[in-house]
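What follows is a single structure, written as structure tokens, with notes after it.
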Amino acid sequence: MTKKVDILEHAKEFEERNHSFKTTSDRILASREVKDLILSVNEIYKEENDPELMDLMKRLTAIKQKIEKRLKGRPNKS
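For any residue, its number in the numbering used here is found by taking its place in the sequence shown, counting from 1, and adding 103.
Okay, structure coming up:
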């Protein structure tokens, strides 16, 4: 029970954190962290089927996509 609570608290803390990552290394670490959080929340969701958990996963996924878009950079015009 406490592990579940810790995961959810960590996910909400990550969601509320400032997402202005200065270096590529920071972005990579944040991307990995949010991926782990999404997978952990998904395991809890499989057991409980709580719609709030699905909403949390969607919000975390949106953050992850923004981070990864920033990692990939702009495409070069040829």
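Glycine included, C-beta positions come from ideal geometry on N, C-alpha and C.
Predicted, not measured: the structure shown is a model, and the values here were computed from it.
Here the C-alpha atom of Lys172 lies approximately 13 Å from the C-alpha atom of His122. Taking a 10 Å sphere around the C-beta of Ser134, we find 16 or more other C-beta atoms and assign the residue as buried. Rounded to the nearest whole angstrom, the C-alpha separation of Leu174 and Lys107 is 30 Å. The segment 106 to 156 contains no complete beta strand (DSSP E) run of 3 or more residues.
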